[in-house]
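Heads up, the sequence shown is in my numbering, so the first residue is 14 and it goes up one at a time. Every residue, glycine too, gets a C-beta built ideally from N, C-alpha and C. Model, not experiment: these values are computed from the prediction. Beneath this line is the structure, given in C-alpha cells, with notes to follow.
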Amino acid sequence: MARPVSVCYFGAYRPSYPRNLAIRRSLTSAGIPIVECRVPPKWPNVRRWPALAGQFLSQRSARISSIILVAEFCHTVVPLAWLLSRLSGAALIFDPGISFYDEMVVCQRAHRPTSFRAQYLKALDGLAFRLPDVVMWFTPIDEEYFGRLYQIPNTRSAWLPPGIDEALFTHTSPPESQTPFIVHWDGSFIASHGIDAILQSAHILREHSDIIFELVGDGPLARQMRTSAETMGLSNVIFFGSVPASELAASVQRAHVCLGAFRGDDKQRRSLYTKELQAMFAGRPVITADGEAKRRVFVAGRDLWLIPPDSPSDLADALLALRNDPAKRYSLASSGRIAVSALCTSDALRLRLTEIAERALNQRHRGIVGQNPSPPL
Numbered sequence: 014m015a016r017p018v019s020v021c022y023f024g025a026y027r028p029s030y031p032r033n034l035a036i037r038r039s040l041t042s043a044g045i046p047i048v049e050c051r052v053p054p055k056w057p058n059v060r061r062w063p064a065l066a067g068q069f070l071s072q073r074s075a076r077i078s079s080i081i082l083v084a085e086f087c088h089t090v091v092p093l094a095w096l097l098s099r100l101s102g103a104a105l106i107f108d109p110g111i112s113f114y115d116e117m118v119v120c121q122r123a124h125r126p127t128s129f130r131a132q133y134l135k136a137l138d139g140l141a142f143r144l145p146d147v148v149m150w151f152t153p154i155d156e157e158y159f160g161r162l163y164q165i166p167n168t169r170s171a172w173l174p175p176g177i178d179e180a181l182f183t184h185t186s187p188p189e190s191q192t193p194f195i196v197h198w199d200g201s202f203i204a205s206h207g208i209d210a211i212l213q214s215a216h217i218l219r220e221h222s223d224i225i226f227e228l229v230g231d232g233p234l235a236r237q238m239r240t241s242a243e244t245m246g247l248s249n250v251i252f253f254g255s256v257p258a259s260e261l262a263a264s265v266q267r268a269h270v271c272l273g274a275f276r277g278d279d280k281q282r283r284s285l286y287t288k289e290l291q292a293m294f295a296g297r298p299v300i301t302a303d304g305e306a307k308r309r310v311f312v313a314g315r316d317l318w319l320i321p322p323d324s325p326s327d328l329a330d331a332l333l334a335l336r337n338d339p340a341k342r343y344s345l346a347s348s349g350r351i352a353v354s355a356l357c358t359s360d361a362l363r364l365r366l367t368e369i370a371e372r373a374l375n376q377r378h379r380g381i382v383g384q385n386p387s388p389p390l
C-alpha cells in the first residue's frame, strides 16, 4: 500500500527565508504534513551530515516521509539526502535556488573558470542537480538553461516561482502625498542587482530634490555602494541596512515606486526577483531591467515597467515619467498585483507543488531493499 504523501524538509537553512517559508506554508495549506530535519546554514559539512542523518533516523515521521525536499543553497547535503531517500524509498526533490558555479564564477567572478575552486563548484552543481528525482527552479528560463547545461531530462525538472508573504506584504493605498516621492529598493547587494545603476540614476536626478531613494538591506557590495554614494555626493539616497521583515514591508508600502534588478548579465535575464514580486503584490509599480523570464510570465508595460539593463538614464526617465503620471502608477500597480496573485500566492504555489510532488513520486527510484517502495527504516 502506498504511504500517504508527507514531506521531510531537509538541509541547512533559515526557516524564515522567504523561499522555504512560502513552500512550507503552501504544503501545509495543501494538507501535506511536514517534518523538518534542519541545522544552521553556517555549519560546515563535517557537522551538517551527522546532525541531519541523526535527526532523520531518530524521527519516525521523517523516516516514513514519502518525499525528502532539500532546501535552497543546500547542494552539499544532496548526496546525504539521496542516500537516505534510497534507503527509505522516499522521492527526492531539490530546490537549489542558485547554481554555485553560475553565481560565484560567472556572475561574481570570484574564481577563475580554470581554478580548482571553480571546477569543484561545477562538479558540486552537477552532482546536486543529477541525483534528485526532480529539481525545482525559480523560472522556466532557469529550468531550460540548467537543463541543457547539466543534461537534466525534462521529466526530472520543474519550475516554481518565488513565493511571497501575503500576510506581510498586504495591499495598501499609495501614499497620499507626492512629496517626497519615495523610490524603494531592497536586496542583498550582490552584483546581479545592479545597484550601481540605481546610484547613477540618483545622480542624474540629483536636482529633483523631491525624489528620494531608499535602499534597504546588506551584502557583499553594501560598503562599496555607500562609498560610491558619498563620493558622488548623493544626498537623495538613504541606506537603511538590514531591517526586520515588518519594517521591510512598511518601507515598500510607503514607497511610490519600487525597483528590481538592473545588471545586464545572464542571471538577471533568467531571474524573477522576490523583491519585485513582493512589491507588485503590495500594489506598488515596479521598474526593473528587461529579461526573458519577466517577459515569459508578465506583460511589459502592463504589469511592470521594463528598461534596458545597465541603463541609469532609462531608469531616471522612467522614474520621472511615473512621478508625473499617477494614473500610470495606479495602472501598473493594479495589473501587477493581479498577475503576481495568479503566480506566486500560496494557492498558486500549492497547485504547482502538488503537481511536482506527484511527478517525483511517480518516477522515484525505489529503495535498496527492492520493494515497491521499500519499507521505512
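Self-check item: Euclidean distance between Cα positions of R377 and D146
Solution: 6 Å
Quiz item: Does the Cβ-Cβ distance between S39 and L374 come in under 9 Å?
Solution: no
Quiz item: G24 bridges to which residues according to DSSP?
Solution: R51
Quiz item: So, helix, strand or coil for T367, using DSSP?
Solution: helix
Quiz prompt | Neighbour-count burial assignment, W318, 16 or more Cβ in a 10 Å radius | solution = buried
Exercise. To the nearest angstrom, report how far apart G24 and R61 are at their CA atoms.
Key: C-alpha separation (whole angstroms): 8 Å.
Quiz prompt | For F113, the nearest candidate out of L333, G139, R99 and A258 (CA to CA) | solution = G139
Self-check item: R3 to L247 span [Cα, whole Å]
Solution: In the structure displayed, the chain extends from 14 to 390; residue 3 sits before or after that span and is not available.
Quiz item: Hey, A262 and T183: beta-carbon distance below 9 Å or not?
Solution: yes
Practice problem: Spatial neighbours of S19 within its chain, please: CB distance less than 8 Å, with the 5 preceding and 5 following residues excluded, ordered by chain position. | Solution: I45, P46, I47, V48, S74, I77, S78, S79 and I80
Quiz item: Could you check where the alpha helix (DSSP H) with C357 kicks off and where it finishes?
Solution: P339 to C357
Quiz prompt | Short CB-CB distance (under 9 Å) between G102 and chain B | solution = Absence of chain B from the displayed structure is noted, only one protein chain being present.
Practice problem: Out of A292, S101 and A302, point me to the one whose CA is closest to I177's CA. | Solution: A292
Quiz item: Does the distance from the C-beta atom of D278 to that of S241 stay below 9 Å?
Solution: no
Practice problem: Could you please give me the residues that DSSP links to H197 through a beta bridge? | Solution: E227 and C271
Self-check item: Residues near I369 by beta carbon distance below 8 Å, same chain, minus five either side
Solution: I106, V147, M149, A171 and L173
Self-check item: Reference S214, options L272, L364 and L96, closest by Cα
Solution: L272
Quiz item: When you compare each of H124, H216 and G207 to P321 by their alpha carbons, which one comes out closest?
Solution: Of the listed residues, the one whose Cα sits closest to P321 is G207.
Exercise. Mind listing, in chain order, the continuous beta strand (DSSP E) runs of no fewer than 3 residues lying wholly within the segment 139–164?
Key: Whole beta strand (DSSP E) segments, 3+ residues: 147–150.
Quiz item: If you run the structure through DSSP and keep just helix, strand and coil, what is A123?
Solution: coil
Practice problem: Determine the direct distance from the alpha carbon of H269 to that of F194, and round the result to whole angstroms. | Solution: If you take the alpha carbons of F194 and H269, they lie about 6 Å apart.
Quiz prompt | Contact belief for V196 with E227 at Cβ below 8 Å, rounded distance in angstroms | solution = In this structure, V196 and E227 form a Cβ contact; the two beta carbons are roughly 7 Å apart against a cut-off of 8 Å.
Quiz item: A355: buried (16+ other C-beta within 10 angstroms of its C-beta) or exposed?
Solution: Around the beta carbon of A355, fewer than 16 other beta carbons sit within 10 angstroms, so the residue counts as exposed.
Quiz item: Roughly how many angstroms separate the alpha carbons of L181 and E156, rounded to a whole number?
Solution: 29 Å
Exercise. Keeping to the same chain, check which residues put their C-beta closer than 6 Å to that of T89; ignore five residues upstream and five downstream.
Key: Same-chain partners within the cutoff: N58.
Self-check item: Distance CB(A141)-CB(P109) smaller than 9 Å
Solution: yes
Practice problem: Please say whether L134 and V91 have beta carbons closer to each other than 9 Å? | Solution: For the pair V91 and L134, the CB atoms are not nearer than the 9 Å cut-off.
Self-check item: First through last residue of the alpha helix (DSSP H) which encompasses G176
Solution: Neither: G176 is in no alpha helix (DSSP H) and is coded neither H nor E.
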